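Trainee: Can you keep this structure in mind? I'll have questions shortly.
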Amino acid sequence: MQKTSQIKKRLQPAILYNEDQDNNTQQTQLSFQNETVKEDLTYKFQKSKSKKLRVFSDGVYDCMHYGHFNQLKQIKDMFPDCHLIVGVSDQKAVEKHKGPTVMTAEERVAGVENCRWADEVYYPCPWVLSKEFLEELDIDVVCHDSAPYKIPGADDMYAIAKELGKFQATQRTEGVSTSDIIMNVLVNREYYILQLIKEGYSRKDLNVSLMYYLKLKAKFLAKSIICPRRPQFDRKVGTH
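Written as structure tokens, this is what we have:
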């Protein structure tokens, strides 16, 4: 199996700036939802104080978003001095169990590599974490949200880590997921098609017929005459 190189450069904390403030702008560190876990839980899993705790968390990480970042940050809040290994799911396994991804495997890996909370990235990560896999990587604890993820022949793909006493639950960030991102693009697809054609993409690139393109153009032209301002997006939140 191939492993990506360890991330050596640590990124500085992201800063939010309020443009309404004066020159002595107060800098506020970027905050995320669900920041409720602040207790250092290292003692629960650390076998030796001389050995840094090795934590593993896996996922697809397609169209990496703040829900992914929040989950990895939660792990660093719970285990401040740990070595966090993030497993990126194997492309073929993802396509088999969930369907096609928006991003390639290389793009998904790059997204995690550039996350400040990931110390190391492992790809391709197996779909199910076996006891042998955890022993091979010398993993002390596996972190993921507590929902049981069913797989053929088992009710929970994290059952092995839980049985070994090597599982710590994280909180899922509600209201954001890769599926939600895709859904919002599809809901507003007509606007995006016209916008991309305006930016230079061809109808062939977008797999759009001339008849459909002319129909969309007429529709948005009529809307702009009736309501001459930027169209409002339909923002929807799914259940996944």
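Heads up, the sequence shown is in full-length UniProt numbering, so the first residue is 1 and it goes up one at a time.
Virtual Cβ for every residue (Gly too), placed ideally from N, Cα, C.
On a predicted model such as this, the values are computed, not experimentally measured, just so you know.
In the structure shown, what three-state DSSP assignment does Tyr-201 receive?
Mentor: Along the sequence shown, one-based indexing puts residue 201 at 201. Three-state result, Tyr-201: coil.
Trainee: Since Ile-85 is in the beta strand (DSSP E), which residue starts that stretch and which ends it?
Mentor: Here residue 85 refers to the residue found at position 85 when the sequence shown is read from its first residue. That run of the beta strand (DSSP E) goes 83-89.
Trainee: Going by CA-CA distance only, name the one from Cys-63, Lys-73, Leu-216 that's closest to Cys-143.
Mentor: Against the sequence shown, residue 143 aligns to sequence position 143. Comparing Cα positions, the closest option is Lys-73.
Trainee: Skipping 5 residues on each side, what residues in its chain have a beta carbon closer than 8 Å to that of Ala-169?
Mentor: The count along the sequence shown starts at 1 and reaches residue 169 at position 169. Only Cys-143, His-144, Asp-145, Ser-146 meet the Cβ criterion.
Trainee: To the nearest angstrom, how far is the alpha carbon of Leu-84 from that of Leu-164?
Mentor: As a first step, residue 84 must be located in the sequence shown, where it is residue number 84. As a first step, residue 164 must be located in the sequence shown, where it is residue number 164. Straight-line Cα distance between these residues: approximately 19 Å.
Trainee: Go ahead and label Val-88 buried or exposed: buried means 16 or more other beta carbons lie within 10 angstroms of its beta carbon, across all protein chains shown.
Mentor: For the purposes of this step, residue 88 is identified with residue 88 of the sequence shown, where counting begins at 1. Counting Cβ neighbours within 10 Å, Val-88 comes out buried, since at least 16 surround it.
Trainee: Return yes when the Cβ of Val-112 is within less than 8 Å of the Cβ of Gly-78, no when it is not.
Mentor: Position 78 of the sequence shown, counted from the start, is the residue given in the question as residue 78. Position 112 of the sequence shown, counted from the start, is the residue given in the question as residue 112. Before going further, note that residue 78 is Met rather than Gly in the sequence given. No; because the gap between Cβ atoms is not below 8 Å, this pair is not in contact.
Trainee: What do you get for Pro-100, buried or exposed, if any count of 16 or more other CB atoms within 10 angstroms of its CB means buried?
Mentor: Working through the sequence shown from its first residue, we reach residue 100 at position 100. Pro-100 comes out exposed.
Trainee: Tell me, please, whether the stretch 47-67 touches the stretch 108-124 by the rule of three or more beta-carbon pairs shorter than 8 Å.
Mentor: Taking 8 Å as the limit for Cβ pairs, the verdict is that the stretch 108-124 does touch the stretch 47-67.
Trainee: Given a threshold of 16 other Cβ atoms within 10 Å of its Cβ, counted over all protein chains shown, does Ala-161 qualify as buried or as exposed?
Mentor: Residue 161 sits at position 161 when you count from the first residue of the sequence shown. Result: buried.
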